[in-house]
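Going by numbering that gives the first Met the number 0, the first residue of the sequence shown is number 0, and it counts up by one from there. So the structure is just underneath, and the comments pick up after that.
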Amino acid sequence: MNIPDRTTIVNFFRRYVTVLDGPLALIVFLIVSTGLITLYSAGIDFPGRIEDQLRNILLGFVIMWIAASVPQPVLMRLAVPLYTIGIALLLAVAMFGLIRKGARRWLNVGIIIQPSEMMKIAVPMMLAWFFQRREGQLGWREFLGAAVLLGIPVAFIMKQPDLGTALLVTASGFYVIFLAGLSWKAIAALVATVAASLPLAWSMLHDYQRQRVMMLIDPSSDPLGKGFHIIQSMIAIGSGGVTGKGWLQGTQAYLHFVPERTTDFIFAVYAEEFGLIGNIVLLILYLILIGRGMTITMQASSLFSRLLAGAITMMFFTYAFVNMGMVSGILPVVGVPLPFMSYGGTAMVTLGFGTGILMNIQRHRKLVQT
């Protein structure tokens with residue numbers, strides 16, 4: 000029997016494991032573990048849900064490892080093809096995509112995919128590449144060009160319609176533009192323009208989107224209809240109290256009052272079972288995740304990596320903030336998953352890819368220093 004020598008084991012570890020950033024991997028592991036514990040409780044009436052999520056996590060880990068392992072120049076070269084393929088797939092969705100629940104968001108390419116999800120990463124990659132190519136000569140033309148690159152996929156996604164994903168893609172792209180040096184005067188002008196266009200934007204919203212906004216203002220106006228989601232999630236969060244009802248003891252989930260309890264509203268299940276203390280612990284975990292991402296951003300070795308790392312980190316923040324906000328009743332329901340906790344394969348792959356990019360940027364910085 001051949002026993003591998005110590006040098007072989009050490010070389011294997013260095014080659015295949017040290018590409019991962021330890022602190023980031025640990026915090027993601029803790030959040031994913033928390034999500035699995037909560038999903039087991041939330042999905043007890045959904046046979047196979049845990050097994051499917053474990054498969055999703057494994058796939059997300061593989062994508063994360065690949066993204067962390069490739070040389071950074073290769074990552075940069077992927078920006079334009081990934082963005083172009085994404086636009087082509089969005090165009091294909093608009094022409095002959097699958098329609099479900101009145102929305103045309105999916106495409107059958109042998110498997111069912113949702114191309115808008117990949118744009119959450121493809122857009123900031125493309126914009127970071129765009130600004131990297133024009134480093135040292137950024138003017139209003141460059142920022143206008145970046146706005147066009149952002150506006151094209153957002154327009155396709157809004158047409159589907161998918162307001163939640165459109166907002167996330169817009170946010171991820173805006174973070175890159177902001178970090179690239181967009182002036183505060185331009186930001187003020189942008190805010191004023193958005194405020195002035197709100198009446199027009201309101202008229203362009205679909206009826207169900209307007210109803211979601213109105214339910215945010217007064218969910219009790221339709222407690223058994225459009226306001227049901229918000230009311231029941233707030234009841235679940237409030238009933239958890241300080242210490243929670245205990246794992247597997249959440250009545251709102253078990254009595255099927257919490258809607259979409261394994262996906263968008265998993266935070267309501269978690270809050271009911273683990274209470275205020277559990278919520279604080281989860282918030283701390285997300286803050287550490289964002290803090291680690293910002294540390295990687297500040298230490299990045301190039302403009303491309305700095306812009307991309309900052310956008311991905313802030314995307315994680317936006318995911319968590321919007322999800323917790325809509326479940327708590329302070330934001331409209333827009334269908335945004337809780338990162339690394341909500342059930343879903345596409346979101347886990349996207350998050351894994353983003354995490355792998357952060358690890359790639361950190362690894363490249365260390366290689367440059369040595």
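Ideal Cβ placement from N, Cα and C applies to all residues, glycine included.
Practice problem: Drop a sphere of 10 angstroms on the beta-carbon of D161, count the other beta-carbons inside from all chains shown, and report buried for 16 or more, exposed for fewer. | Solution: Translated into the one-based positions of the sequence shown, residue 161 becomes position 162. When all chains shown are included, D161 counts as buried.
Self-check item: N359 vs A66 beta-carbon contact at 8 Å
Solution: Position 360 of the sequence shown, counted from the start, is the residue given in the question as residue 359. Position 67 of the sequence shown, counted from the start, is the residue given in the question as residue 66. A Cβ-Cβ contact shorter than 8 Å links N359 with A66.
Quiz prompt | Residue from V241, A252, I176 and W139 with nearest C-alpha to Q231 | solution = Within the sequence shown, residue 231 is the residue found at index 232, counting from 1. Checked all of V241, A252, I176 and W139; the closest Cα to Q231 is A252.
Quiz item: Helix, strand or coil: how does DSSP classify L337 here?
Solution: Translated into the one-based positions of the sequence shown, residue 337 becomes position 338. Reduced to three states, the DSSP call for L337 is coil.
Self-check item: Coarse secondary structure for A299, derived from DSSP in three states
Solution: Within the sequence shown, the letter at position 300 stands for residue 299. DSSP places A299 in coil when its eight states are reduced to three.
Quiz item: Is K184 buried or exposed, if buried means 16 or more other CB atoms sit within 10 Å of its CB?
Solution: Residue 184 sits at position 185 when you count from the first residue of the sequence shown. Under this definition K184 is an exposed residue.
Quiz item: Of all the options I229, L88 and A179, which has the alpha carbon lying nearest to the alpha carbon of V108?
Solution: Taking the sequence shown and counting its residues from 1, one reaches residue 108 at position 109. Minimum Cα distance to V108 is reached at L88.
Quiz prompt | A179 - DSSP class collapsed to helix/strand/coil | solution = Working through the sequence shown from its first residue, we reach residue 179 at position 180. It is coil, neither helix nor strand.
Self-check item: Chain-order list of residues whose beta-carbon lies under 7 Å from that of A165 (same chain, five-residue window excluded)
Solution: Working through the sequence shown from its first residue, we reach residue 165 at position 166. Scanning its chain for C-beta atoms nearer than 7 Å, with the 5 sequence neighbours on each side dropped, one finds around A165 the residues V153, I156 and M157, in chain order.
Exercise. Just tell me which of M325, G355 and L357 has its CA closest to the CA of G163.
Key: Along the sequence shown, one-based indexing puts residue 163 at 164. The shortest C-alpha separation from G163 is found at M325.
Quiz item: Under the three-state reduction of DSSP, which class applies to W246: helix, strand or coil?
Solution: Locating residue 246 in the sequence shown gives position 247, counting from the first residue. For W246, the three-state secondary structure derived from DSSP is coil.
Quiz item: Taking buried to mean at least 16 other C-beta atoms within 10 Å of its own C-beta, is F45 buried or exposed?
Solution: The count along the sequence shown starts at 1 and reaches residue 45 at position 46. Around the beta carbon of F45, a 10 Å sphere encloses fewer than 16 other beta carbons of the protein chains shown; the residue is thus reported as exposed.
Self-check item: Separation of A78 from F95, as counted between CA atoms
Solution: Numbered from 1 along the sequence shown, position 96 holds the residue referred to as residue 95. Numbered from 1 along the sequence shown, position 79 holds the residue referred to as residue 78. Put simply, the backbone Cα of F95 is about 26 Å away from that of A78.
Exercise. With distances taken Cα to Cα, identify the nearest neighbour of L106 among Q159, A191, G172 and M314.
Key: The count along the sequence shown starts at 1 and reaches residue 106 at position 107. Nearest C-alpha to L106: Q159.
Quiz item: Nearest-angstrom Cα distance between L126 and E50?
Solution: Taking the sequence shown and counting its residues from 1, one reaches residue 126 at position 127. Taking the sequence shown and counting its residues from 1, one reaches residue 50 at position 51. Cα to Cα, the separation comes out at about 37 Å.
Quiz prompt | Inter-residue spacing [alpha-carbon to alpha-carbon] between I287 and I26 | solution = Taking the sequence shown and counting its residues from 1, the one referred to as residue 287 is at position 288. Taking the sequence shown and counting its residues from 1, the one referred to as residue 26 is at position 27. Whole-angstrom Cα-Cα distance: 7 Å.
Quiz item: Between the beta-carbon of F266 and the beta-carbon of L337, is there less than 8 Å?
Solution: What you label residue 266 is simply residue 267 of the sequence shown in a count that begins at 1. What you label residue 337 is simply residue 338 of the sequence shown in a count that begins at 1. Taking a C-beta distance under 8 Å as the contact criterion, F266 and L337 qualify as a contact pair.
Exercise. Determine the burial state of F28: buried for a count of at least 16 other Cβ atoms within 10 Å of its Cβ, exposed for fewer.
Key: Start at 1 with the first residue of the sequence shown, and residue 28 comes out as number 29. Residue environment: F28 is assigned as exposed (fewer than 16 neighbouring CB atoms within 10 Å of its CB, all protein chains considered).
Practice problem: Go through its chain and collect everything with a Cβ distance to T294's Cβ below 7 Å, but skip five positions before and after it. | Solution: Numbered from 1 along the sequence shown, position 295 holds the residue referred to as residue 294. For T294, same chain residues with a beta-carbon under 7 Å away, outside a window of 5 residues either side, do not exist.
Quiz item: Does the Cβ of A194 have 16 or more other Cβ atoms within 10 Å, making it buried, or fewer, making it exposed?
Solution: Numbered from 1 along the sequence shown, position 195 holds the residue referred to as residue 194. Exposed, because fewer than 16 other Cβ atoms sit within 10 Å of the Cβ of A194.
Quiz item: Taking Cβ positions, are P114 and V147 nearer each other than 8 Å?
Solution: What you label residue 114 is simply residue 115 of the sequence shown in a count that begins at 1. What you label residue 147 is simply residue 148 of the sequence shown in a count that begins at 1. For P114 and V147, no; Cβs fall outside 8 Å.
Quiz item: Which of the three DSSP states, helix, strand or coil, is assigned to R132?
Solution: On the sequence shown, position 133 is the one that residue 132 refers to. Three-state DSSP puts R132 in a helix.
Quiz item: Is there contact between the stretch 297-314 and the stretch 256-266, where contact requires at least three CB pairs shorter than 8 Å?
Solution: No, the stretch 297-314 is not in contact with the stretch 256-266.
Quiz item: Short check: CB of S68 to CB of V18, under 8 Å?
Solution: Residue 68 sits at position 69 when you count from the first residue of the sequence shown. Residue 18 sits at position 19 when you count from the first residue of the sequence shown. Yes, Cβ-Cβ distance for S68 and V18 is below 8 Å.
Quiz item: Taking the C-alpha atoms as reference points, what is the distance between Y342 and R48?
Solution: Sequence index remark: in the sequence shown, residue 342 carries index 343 (1-based). Sequence index remark: in the sequence shown, residue 48 carries index 49 (1-based). Straight-line spacing of the CA atoms in Y342 and R48 works out to 8 Å.
Quiz item: Do I289 and F316 have their CB atoms nearer than 8 Å?
Solution: Looking up residue 289 in the sequence shown gives position 290. Looking up residue 316 in the sequence shown gives position 317. Less than 8 Å separates the beta-carbon of I289 from that of F316.
Quiz prompt | Own chain, CB closer than 7 Å to R364, minus 5 neighbours either side, in chain order | solution = Here residue 364 is taken as the residue at index 365 of the sequence shown, counted from 1. When the five nearest sequence neighbours on each side are left out, the beta carbons in the same chain lying within less than 7 Å of the beta carbon of R364 are those of Q298, A299 and S300, in order along the chain.
Self-check item: Terminal residues of the beta strand (DSSP E) in which L97 lies
Solution: As a first step, residue 97 must be located in the sequence shown, where it is residue number 98. Start and end: L97 to R99.
Quiz item: Could you give the distance in angstroms between the alpha-carbon of I111 and the alpha-carbon of L307?
Solution: Taking the first residue of the sequence shown as 1, we reach residue 111 at position 112. Taking the first residue of the sequence shown as 1, we reach residue 307 at position 308. If you take the alpha carbons of I111 and L307, they lie about 28 Å apart.
Quiz item: Apart from the five residues just before and just after L137, which ones in its own chain have a Cβ nearer than 8 Å to its Cβ?
Solution: On the sequence shown, residue 137 is found 138 positions in, with the first residue counted as 1. For L137, same chain residues with a beta-carbon under 8 Å away, outside a window of 5 residues either side, are F130, A179 and G180 in chain order.
Quiz item: DSSP state of L374, grouped into three classes?
Solution: One cannot answer for residue 374 here, as it falls past the ends of the chain, which runs 0 to 369.
Self-check item: Three-state class that DSSP yields for I111 in the structure shown
Solution: Along the sequence shown, one-based indexing puts residue 111 at 112. Note: I111 maps to strand in three-state DSSP.
Quiz prompt | Three-state secondary structure (DSSP) of T261 | solution = Translated into the one-based positions of the sequence shown, residue 261 becomes position 262. Correct three-state label for T261: coil.
Quiz item: Fully enclosed by the stretch 36-90, which beta strand (DSSP E) runs are 3 residues long or longer?
Solution: Listed in chain order, there is nothing to give.
Quiz item: Roughly how many angstroms separate the alpha carbons of Y82 and G245, rounded to a whole number?
Solution: Translated into positions along the sequence shown, residue 82 becomes position 83. Translated into positions along the sequence shown, residue 245 becomes position 246. Approximately 45 Å between the Cα atoms of the pair.
Quiz item: Between the beta-carbon of G243 and the beta-carbon of E271, is there less than 8 Å?
Solution: Residue 243 sits at position 244 when you count from the first residue of the sequence shown. Residue 271 sits at position 272 when you count from the first residue of the sequence shown. Yes, the Cβ-Cβ distance between G243 and E271 is below 8 Å.
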